[in-house]
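Engineer: When you line the sequence shown up against mature numbering (1 follows the signal peptide of the UniProt record, and there is no 0), it's residues -20 to -1, 1 to 523, in that order.
Once you've had a glance at the structure underneath, I'll fire off some questions.
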Amino acid sequence: MVLFLSVTALAWAVSAPAQAQETSGEAPETEEALSETFKAPVIVDGDTLFHIRGSSALPAPERAESIQNAIIEVAESSDAKDVEITFEESELGTRILADGVLVTIVTDADAELEQMDLAVLSLLHGDAIREAIVAYRANRTEEARVSGAIEAAAWTLGFVAFVVIILWLHRRIRRRTLVFVRRYLKDVEEATAKSVQAEAIAALIRYGLNFVLLVIFFLGFYYYLSFVLLAFAESRYLAQLLLTYLTEPVLLIFKGIISYIPNLIMLALISWVAFYVIKGLRVFFDAVEAGTFDIGDFEKHWVNPTFNIARVIVILIALVFAVPYIPGSDSAAFQGLTILVGAMLSLGANSVVSNMLAGLFVIYRRSTSVGDRIQIGEHIGDVVQIKLMETHLKSIKNELISIPNAQLMNSDVINFSKPTDGNGLLVHTTVGIGYEEPPEKVEAMLIEAARRTKGLKARPAPFVLWTALADYAINYQINAYTTRGNSIPRIRSDLHRNIVAVFNENGVQIMTPSYMADPPEPKIPAVPWDGHLAHDAREDTDS
């Protein structure tokens, strides 16, 4: 009786809006919109029998639930292996009875939903109801329950074997990773002077493989639980829900992968072409470095940076071609991420970009090369590495100095190693000698000190310059050539030592006393210098 009243209300609720629309002249809603709003499935033991129509007065879920309860009530009322389905025509539609019990009424609205004749739809609903009742009774027999228990036990045994395999793989991954480390990564660690830690790489590999095993275990447990629940009629609906919740996303992922296979093939093709272009560039630049190809004034130390620049350009071009084929590249999220990355780079990479451009200028302007002894501000050292962002110097005290390339570009750089002509660099130092000493004698002593210093050339000959006529002394500057730019600190130290030695041998003070008062007699040479120096016959120590 309740079911009959429900269907009566449904028929009135469906017909009333149609009449109101006709009288008001408004356009009726589309069938698709009505179907999405007013339909619900009739489900028994997890199997969907058919869909029925609902309305605002009698929502489809409530009508479907009443039909489900009627089917279950008829199925539980008897143990017979068959059920009698009868049809009766009424003002509201075709009544379907199972073993004389009213189950549902198929209305014109239901036929409109399915877009078929009312009589045909009634027969189809009747057959579905008969099969559902027969299956409901069959699934609850003693034989079905024993079969379900056996099936659940089989799934349990299979899951135990699955767990044993997972544990075995977990232990094997640990052992095989240790063997892999000892066999391969130790050599890599030694070759890179322990910059690459073998144990760290092995730990990352173990973590990745164990994570994959954990995902596989979770999937196995999820499906095991679903199949065990599926073995019993009472829990079959829950099992189907579990399978639907996990299987549909997995299937969507696999469908997405399959649908992207043409794009993946194109990405693989782009990557393959880029790889072989880079490989060809490497062969070409190796030939340039070996001298097989002569490119004018192209220097050998430009080979690696030029190759790196060309490789980056090839990769960027490949990315430009590959972006349209990347999954999700046309989505708003991907575009927003691209804008965010671009904004971050533009706001925070000013100094980075300036250092990179300065690094390129440093590499290609030929003023500084690896191995040169240079001076930047207070720092003096040998260039050991020129990177894109910074230049590394090894100071004369064996300190590693890192100088940003932007600073290198904006500072005065003194290069002691680059040859300007055949004479070499001039090493010089200044001493102040009182006016009472003969200038010729002082110059001769300074030249003698230069001749004794290893690393200074005899040709061109050392020479002396007068740099200042100070208050109490003449400032003499000794200049001598050397081709050993990397040894200038040592050469200058030896020159100072030899100057002190020569002046001491000839009884000449280097530093004039501070001025206190005029002396009683002028401090001028008392006896003209005879042109001879003590130990003047010393042989040259370095040509």
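For every residue, glycine included, the Cβ atom is placed at its ideal position computed from N, Cα and C.
Quick caveat, the model's predicted, so the values are computed rather than measured.
Count the other CB atoms within 10 Å of the CB of D451; is the residue buried (16 or more) or exposed (fewer)?
Structural biologist: Translated into positions along the sequence shown, residue 451 becomes position 471. D451 comes out exposed.
Engineer: Looking only at its chain, what residues have a beta carbon closer than 6 Å to the beta carbon of F265, apart from the 5 residues adjacent to it on each side?
Structural biologist: As a working mapping, residue 265 is identified with position 285 in the sequence shown. Answer for F265: V283, F287, listed in chain order.
Engineer: Evaluate the contact criterion for the segment 378 to 398 versus the segment 441 to 460: three or more CB pairs, one atom per stretch, below 8 Å.
Structural biologist: No contact exists between the segment 378 to 398 and the segment 441 to 460.
Engineer: Run through the segment 195 to 261 for me and flag every whole alpha helix (DSSP H) of 4 or more residues, listed as ranges in chain order.
Structural biologist: Counting only runs of 4 or more, we get 216 to 239.
Engineer: Determine the burial state of S4: buried for a count of at least 16 other Cβ atoms within 10 Å of its Cβ, exposed for fewer.
Structural biologist: Within the sequence shown, numbered from 1, the residue matching residue 4 stands at position 24. Below a pLDDT of 50, predicted positions are generally treated as unreliable, and S4, at 39, falls in that range; no measurement from the model is reported.
Engineer: Alpha carbon to alpha carbon, what distance is there between G435 and H512?
Structural biologist: Start at 1 with the first residue of the sequence shown, and residue 512 comes out as number 532. Start at 1 with the first residue of the sequence shown, and residue 435 comes out as number 455. Going by the C-alpha atoms only, they are around 25 Å apart.
Engineer: How far does the beta strand (DSSP E) with L406 in it extend, from its first residue to its last?
Structural biologist: Residue 406 sits at position 426 when you count from the first residue of the sequence shown. Its beta strand (DSSP E) spans residues 405 to 414.
Engineer: Whole-angstrom Cβ separation of I76 and G106, contact assumed at under 8 Å?
Structural biologist: As a working note, residue 76 is residue 96 in the sequence shown. As a working note, residue 106 is residue 126 in the sequence shown. At roughly 5 Å, the Cβ-Cβ gap stays under 8 Å, so I76 and G106 are in contact.
Engineer: Classify P419 as helix, strand or coil using the three-state DSSP reduction.
Structural biologist: Mapped onto the sequence shown, residue 419 falls at position 439. It is helical.
Engineer: Who pairs with T84 in a beta bridge, going by DSSP?
Structural biologist: Residue 84 sits at position 104 when you count from the first residue of the sequence shown. In DSSP, T84 forms a bridge with I76.
Engineer: Taking the alpha-carbon positions, what's the T28 to L221 distance?
Structural biologist: As a position in the sequence shown, residue 28 is number 48, starting the count at 1. As a position in the sequence shown, residue 221 is number 241, starting the count at 1. Each residue's Cα considered, the two are about 12 Å apart.
Engineer: Leaving out five residues on either side along the sequence, give the residues of the same chain with a beta carbon under 8 Å from the beta carbon of V350.
Structural biologist: Your numbering for residue 350 matches position 370 in the sequence shown. Excluding sequence neighbours, V350 sits near H281, V363, V364, Q365, I366.
Engineer: By a C-beta neighbour count over all protein chains shown, 10 Å radius and 16 as the cutoff for buried, is N390 buried or exposed?
Structural biologist: To locate residue 390, count along the sequence shown from 1; it is residue 410. Result: exposed.
Engineer: In angstroms, rounded to a whole number, what distance separates the CA positions of P419 and P384?
Structural biologist: Mapped onto the sequence shown, residue 419 falls at position 439. Mapped onto the sequence shown, residue 384 falls at position 404. Looking at the two C-alpha atoms, the distance is approximately 47 Å.
Engineer: Since H408 contacts N466 with CB under 8 Å, what's their CB separation in whole angstroms?
Structural biologist: Residue numbering aside, residue 408 sits at position 428 when the sequence shown is read from its first letter. Residue numbering aside, residue 466 sits at position 486 when the sequence shown is read from its first letter. The pair is not a contact, with the Cβ atoms about 18 Å apart (cut-off 8 Å).
Engineer: Tell me the rounded alpha-carbon separation between I237 and Y204.
Structural biologist: Reading the sequence shown from its first residue, position 257 is the one you call residue 237. Reading the sequence shown from its first residue, position 224 is the one you call residue 204. Going by the C-alpha atoms only, they are around 26 Å apart.
Engineer: How is the beta strand (DSSP E) around A460 delimited, first residue to last?
Structural biologist: In the sequence shown, the residue the question calls residue 460 occupies position 480. Looking at the DSSP string, the run of the beta strand (DSSP E) that includes A460 is 453 to 462.
Engineer: Counting only the same chain and skipping the five closest in sequence on each side, list residues whose C-beta sits under 7 Å from that of G404.
Structural biologist: Your numbering for residue 404 matches position 424 in the sequence shown. Taken in chain order, the residues that qualify are K437, Y461, T462, T463.
Engineer: According to DSSP, what are the bridge partners of D27?
Structural biologist: Mapped onto the sequence shown, residue 27 falls at position 47. DSSP output for D27 lists V24 as bridge partner(s).
Engineer: Taking the alpha-carbon of T447 as reference, which of R477, L475, E416, V411 has the nearest alpha-carbon?
Structural biologist: Residue numbering aside, residue 447 sits at position 467 when the sequence shown is read from its first letter. T447 has its Cα closest to that of V411, out of R477, L475, E416, V411.
Engineer: Between which two residues does the alpha helix (DSSP H) carrying H105 extend?
Structural biologist: As a working mapping, residue 105 is identified with position 125 in the sequence shown. H105 -> alpha helix (DSSP H) spans 98 to 118.
Engineer: Inspect the beta-carbon positions of N484 and M425 and report whether they are closer than 8 Å.
Structural biologist: Residue mapping note: residue 484 aligns to position 504 of the sequence shown, counting from 1. Residue mapping note: residue 425 aligns to position 445 of the sequence shown, counting from 1. No, they are not a contact pair.
Engineer: Could you tell me the distance, in whole angstroms, from the CA atom of F255 to the CA atom of I245?
Structural biologist: As a first step, residue 255 must be located in the sequence shown, where it is residue number 275. As a first step, residue 245 must be located in the sequence shown, where it is residue number 265. Roughly 15 Å separates the two Cα atoms.
Engineer: Expressed to the nearest angstrom, what Euclidean distance is found between the alpha-carbon atoms of S239 and L299?
Structural biologist: Mapped onto the sequence shown, residue 239 falls at position 259. Mapped onto the sequence shown, residue 299 falls at position 319. Cα to Cα, S239 sits roughly 21 Å from L299.
Engineer: Return the Cβ separation of G200 and F139 in integer angstroms, given the expectation that the two are a contact with Cβ distance under 8 Å.
Structural biologist: In the sequence shown, the residue the question calls residue 200 occupies position 220. In the sequence shown, the residue the question calls residue 139 occupies position 159. Right, the Cβ-Cβ distance comes to about 7 Å (below 8 Å), so this counts as a contact.
Engineer: Can you give the Cα-Cα distance for V24 and F191, rounded to whole angstroms?
Structural biologist: Here residue 24 corresponds to residue number 44 of the sequence shown, with the count starting at 1. Here residue 191 corresponds to residue number 211 of the sequence shown, with the count starting at 1. Distance between the alpha carbons of V24 and F191 is about 39 Å.
Engineer: May I ask which residues mark the beginning and end of the alpha helix (DSSP H) holding D352?
Structural biologist: Locating residue 352 in the sequence shown gives position 372, counting from the first residue. Looking at the DSSP string, D352 is not in any alpha helix (DSSP H), and its letter there is neither H nor E.
Engineer: Is the Cβ-Cβ distance between S58 and D79 less than 8 Å?
Structural biologist: Along the sequence shown, read from residue 1 onward, the residue named residue 58 stands at position 78. Along the sequence shown, read from residue 1 onward, the residue named residue 79 stands at position 99. The answer is yes: Cβ separation under 8 Å.
Engineer: Please report the distance separating the alpha-carbon of Y116 from that of T84.
Structural biologist: Counting from 1 along the sequence shown, the entry for residue 116 is found at position 136. Counting from 1 along the sequence shown, the entry for residue 84 is found at position 104. In a straight line, the C-alpha of Y116 is about 18 Å away from that of T84.
Engineer: Smallest Cα separation from A248: which of E269, V263, F301?
Structural biologist: Along the sequence shown, one-based indexing puts residue 248 at 268. Among E269, V263, F301, the Cα nearest to that of A248 is on F301.
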